[in-house]
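Colleague: Mapping of the sequence shown onto the UniProt record's numbering: residues 46 to 367, in sequence order.
C-beta atoms are modelled at their ideal positions from N, C-alpha and C, and glycine is treated no differently.
Just dropping this structure here.
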Amino acid sequence: KVQLLSAAAPAPALPGAAQLPGPQAVPGPAGWPELAPERLISDARHTGRLPGQRVRGEGDPAAADPAANEAYDGLGSTFELFARAYGRNSLDDAGEVLRATVHYGQDYDNAFWNGTRMVFGDGDGQIFRRFTGSLSVIGHELTHGVTQYTANLAYRGQPGALNESVSDVFAALVEQYARRQTAAEASWLIGAGLFTDRVNGVALRSLKEPGTAYDDEVLGKDPQPGTMAGYVRTADDYGGVHVNSGIPNRAFALLALRLGGYAWERAGLIWYDALIGPEVGAQTDFAGFARATESAAVKRYGRESEEHAALAAAWAQVGIMD
Ligand code: ASN
Ligand code: ZN
C-alpha cells in the first residue's frame, strides 16, 4: 500500500528556487556568520543499494541528470532556510555534509531520511512523478535530520505525529523562503506537483486545510484531521503519524496566517525555539509541544504580546491547550 507522505487539481506552476533572487535578498540577522552548505548527490541507478555512485558534489557544475540537480538545489534551499532564518549550520548545526541519493529502487513511490542521507524514488509514473520534483518533499526529509539532532521525537503516536508535523512545517517554510512568499501568499501544501494527471489531488498534505489535499478513486480521501476531535486512533503507520500530524500542522498555519508577513520569521522562530529547546524531547505529546511553543513565544515576545495571543488562539482552535 502506498504510504502517502500524504495529495488534489495540479498546483499552479511556480518558479524553482534556482530562478529566484539569491539568498542576500533576505539576509539573516546581522552578526550571524556566513554559512555555506556542503552537498553530495549520488545515484542508486534504480537499485536499492546506498549510497550509489557520486554524481554531483559541492560547487560542481550541473549534472546531466535533472533529478540530481533538483536534489542539489533543494538541499541548498533547505540549508538556506535553516542558516539564514535560524542561524543553523546544517542538520547537526556543525556543518554536516548534506547527502542524497536519487533514482532509488524501481518505480519507488516515496522519499525518506535514513538517519544519514535523503533517498528519493522516481515514482511509478502512474500515481507519482519523481520525488526530487518537490522542494517541500526535500525540506520535509531533511528536517527529519534536524529533529533527530534536536528534540529526537520518537516516531510513534503523538511524538511521532509531531516529528512528522515539524518536518511539514519547516518544509513549507523552505518553499516559502525560496519563493519569498508571505503566509497569505503561500499554498501551505506539501508535495504539490508530485501527483500525475491521473490523480485527483493537488498535493500530499495541506497544512492550512488538512484533509483536503486529495480525493481520489485509487488513493481515497486525504485522511488528515485538523482538530483533536478528529484524532485518528490506529495501529497503522506507527499510530497514524502521517495523519494526526494534520493537527499541529494546522495550528502552525493558523498562527502564521494570524500574524501575517513571512511565516519563517515569527511563527517559524517560535517553532524552532521549541524544537531545539529543553522542553521538547523524545516523548513530548501535542499538549507538551504546545506548552513549549508558549514558553518560546513568551520568552521571545513577552506574555502580553500579539505573538503569544495568536499562538494561544491557534492551539485552542485545533483543540489543544485552551
Ligand atoms: N516520506 C516518508 C516520511 O518522511 C517516509 C516514511 O516515513 N513513510 O515521512
Ligand atoms: Zn516524514
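1. Using only the alpha-carbon positions, how far apart do Gln362 and Gly238 sit?
2. Consider the C-beta atom of Gly209 and the heavy atoms of the ligand ZN; say whether any pair is separated by less than 7 Å.
3. For the ligand ASN, is there any heavy atom lying closer than 7 Å to the beta carbon of Glu186?
4. Measure the alpha-carbon distance for Arg175 versus Arg348 and round it to whole angstroms.
5. Starting from residue 370, trace the beta strand (DSSP E) both ways and give me its first and last residue.
6. Given a cut-off of 8 Å, decide if Ser181 and Ala217 are closer than it, judged by their beta-carbon atoms.
7. Pick out whichever of Ile235, His287, Ser350, Gly178 has its Cα sitting closest to the Cα of Val147.
8. Ala298: which of Asp282, Thr272, Asp281 sits nearest, CA to CA?
9. What are the complete alpha helix (DSSP H) segments, minimum 4 residues, inside the stretch 256-303?
10. Which residue marks the beginning of the alpha helix (DSSP H) containing Leu314, and which one marks its end?
11. What is the C-beta distance between Thr241 and Ile172, in whole angstroms, given that I count them as a contact (C-beta under 8 Å)?
12. Let me check understanding here. Comparing Cα to Cα, which of Asn197, Asn114, Ile86 lies closest to Val164?
13. With three or more C-beta pairs closer than 8 Å as the rule, is the stretch 181-194 touching the stretch 322-339?
14. In three-state DSSP terms, what is Gly67?
15. Compare the beta carbon distance of Asp330 and Pro204 with 8 Å and say whether it is the shorter of the two.
16. Flag this pair as yes or no: are the beta carbons of Pro293 and Phe334 separated by less than 8 Å?
17. Would you list the residues sitting across from Ser251 in a DSSP beta bridge?
18. Over what stretch of residues does the beta strand (DSSP E) that includes Ser87 continue unbroken?
19. Is His91 near the ligand ZN - that is, is its Cβ less than 7 Å away from at least one heavy atom of it?
20. Note down, in chain order, each residue of its chain lying with its Cβ closer than 6 Å to the Cβ of Arg84, except the 5 sequence neighbours on either side.
21. Below 8 Å between beta carbons: does that hold for Asp88 and Gln98?
22. Using the three-state DSSP reduction, which class does Ala145 fall into: helix, strand or coil?
23. Might you give, ordered along the chain, the residues of its own chain that have their beta carbon closer than 6 Å to the beta carbon of Thr279, omitting 5 neighbours on each side?
24. Give me the Cβ distance between Trp309 and Gln221, rounded to the nearest whole Å; I'm assuming they're in contact under 8 Å.
25. CA-CA distance, Ala248 and Glu254?
26. Sort Glu186, Thr227, Ala231 by Cα distance to Val211 and report the nearest one.
27. In this structure, does DSSP put Ala156 in helix, strand or coil?
28. Suppose you measure from the CA of Glu96 to the CA of Ile183; what does that come to, to the nearest Å?
29. Are the beta-carbon atoms belonging to Ala296 and Ile365 less than 8 Å from one another?
30. Give a yes or no on whether the C-beta atoms belonging to Asn155 and Leu80 are separated by under 8 Å.
Modeller: This is what the structure holds:
1. Along the sequence shown, one-based indexing puts residue 362 at 317. Along the sequence shown, one-based indexing puts residue 238 at 193. Taking the straight line joining both Cα atoms gives about 29 Å.
2. Taking the sequence shown and counting its residues from 1, the one referred to as residue 209 is at position 164. Going by the sequence as given, residue 209 is Glu instead of Gly. Result yes, Cβ under 7 Å from the ligand ZN.
3. Along the sequence shown, one-based indexing puts residue 186 at 141. For the ligand ASN, at least one heavy atom lies less than 7 Å from the Cβ of Glu186.
4. Sequence index remark: in the sequence shown, residue 175 carries index 130 (1-based). Sequence index remark: in the sequence shown, residue 348 carries index 303 (1-based). Spanning the two alpha carbons is a distance of roughly 46 Å.
5. Residue 370 lies beyond the residue range present for the chain, which begins at 46 and ends at 367; the question has no answer from this structure.
6. In the sequence shown, the residue the question calls residue 217 occupies position 172. In the sequence shown, the residue the question calls residue 181 occupies position 136. Taking 8 Å as the Cβ cut-off, Ala217 and Ser181 qualify as a contacting pair.
7. Looking up residue 147 in the sequence shown gives position 102. Cα-wise, what sits closest to Val147 is Gly178.
8. Taking the first residue of the sequence shown as position 1, residue 298 is located at position 253. For Ala298, the nearest C-alpha among the options comes from Thr272.
9. 282-289
10. For this step, residue 314 is matched to residue 269 along the sequence shown. Its alpha helix (DSSP H) spans residues 311-321.
11. Residue 241 sits at position 196 when you count from the first residue of the sequence shown. Residue 172 sits at position 127 when you count from the first residue of the sequence shown. Indeed they touch by this definition, with Cβ atoms about 6 Å apart.
12. Working through the sequence shown from its first residue, we reach residue 164 at position 119. That would be Ile86, whose Cα lies nearest to the Cα of Val164.
13. no
14. Taking the first residue of the sequence shown as position 1, residue 67 is located at position 22. Confidence at Gly67 is low in this model, with a pLDDT of 37, below 50, so its placement is unreliable and no value can be given for it.
15. Translated into the one-based positions of the sequence shown, residue 330 becomes position 285. Translated into the one-based positions of the sequence shown, residue 204 becomes position 159. Closer than 8 Å, so yes.
16. On the sequence shown, residue 293 is found 248 positions in, with the first residue counted as 1. On the sequence shown, residue 334 is found 289 positions in, with the first residue counted as 1. Cβ distance < 8 Å, so Pro293 and Phe334 count as in contact.
17. For the purposes of this step, residue 251 is taken as the residue at position 206 of the sequence shown. BP columns for Ser251 point to Leu234.
18. To locate residue 87, count along the sequence shown from 1; it is residue 42. From DSSP, the beta strand (DSSP E) with Ser87 extends over 84-88.
19. Residue mapping note: residue 91 aligns to position 46 of the sequence shown, counting from 1. Result no, Cβ not under 7 Å from the ligand ZN.
20. By 1-based counting over the sequence shown, the position of residue 84 is 39. The answer, listed in chain order, is Glu103, Tyr117, Leu120, Leu143.
21. As a working mapping, residue 88 is identified with position 43 in the sequence shown. As a working mapping, residue 98 is identified with position 53 in the sequence shown. Yes, the pair counts as a contact, with Cβ atoms nearer than the cut-off.
22. Here residue 145 corresponds to residue number 100 of the sequence shown, with the count starting at 1. Looking at Ala145 - three-state DSSP - the assignment turns out to be strand.
23. As a working note, residue 279 is residue 234 in the sequence shown. Taken in chain order, the residues that qualify are Gly285.
24. In the sequence shown, the residue the question calls residue 309 occupies position 264. In the sequence shown, the residue the question calls residue 221 occupies position 176. Right, their Cβ atoms sit about 6 Å apart.
25. What you label residue 248 is simply residue 203 of the sequence shown in a count that begins at 1. What you label residue 254 is simply residue 209 of the sequence shown in a count that begins at 1. One C-alpha to the other measures close to 12 Å.
26. Mapped onto the sequence shown, residue 211 falls at position 166. Nearest C-alpha to Val211: Glu186.
27. On the sequence shown, position 111 is the one that residue 156 refers to. It is a strand residue.
28. For the purposes of this step, residue 96 is taken as the residue at position 51 of the sequence shown. For the purposes of this step, residue 183 is taken as the residue at position 138 of the sequence shown. Sequence check: residue 96 is Pro here, not Glu. Distance between the alpha carbons of Pro96 and Ile183 is about 17 Å.
29. Translated into the one-based positions of the sequence shown, residue 296 becomes position 251. Translated into the one-based positions of the sequence shown, residue 365 becomes position 320. The answer is yes: Cβ separation under 8 Å.
30. Walking along the sequence shown from the start, residue 155 turns up at place 110. Walking along the sequence shown from the start, residue 80 turns up at place 35. No; because the gap between Cβ atoms is not below 8 Å, this pair is not in contact.
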